[in-house]
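Colleague:
In my numbering, the protein residues as written are 66 to 173.
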């Protein structure tokens, strides 16, 4: 009986002290650029968020692109989504869009 009680308390202690293992999480970011009929570029950029904190990734449009209005942003369902429309002098084809902060994350 004493042995059974010791085994019970030992297993209880082990379960209380057990460390939960967590795998690294990699959630994708999403960048969508759409050329509109008027020639402007519509951007949707979505990154993971937790509460009011978002992943520190920031799209940088080419120098020839100017935002027509300030970007709109919202956090819904653990994702930060930013939308903006740009006018790109000379177009965007062949230009490079950078994502600042990408090199320091696991985001794809």
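Backbone N, C-alpha and C fix where the C-beta goes; we use that ideal spot for every residue, glycine too.
Quick caveat: nothing in here was measured; it's all calculated off a predicted structure.
(1) Give the straight-line distance between the Cα atoms of residue 154 and residue 140, rounded to the nearest whole angstrom.
(2) Would you identify the three-state DSSP class for residue 100, choosing helix, strand or coil?
(3) Where are the beta strand (DSSP E) runs, 3 residues long or more, that stay fully inside the stretch 98-151, in chain order?
(4) In the DSSP assignment, the beta strand (DSSP E) including residue 164 goes from what residue to what residue?
(5) Between 159, 152, 122, which has its C-alpha nearest residue 133's C-alpha?
Modeller: Judging by the given coordinates:
(1) A direct Cα-Cα distance of roughly 31 Å separates residue 154 from residue 140.
(2) It is a strand residue.
(3) Here the runs fully enclosed are 106-115, 123-125, 130-132, 137-141.
(4) Its beta strand (DSSP E) spans residues 163-165.
(5) Out of 159, 152, 122, 152 has the C-alpha closest to the C-alpha of residue 133.
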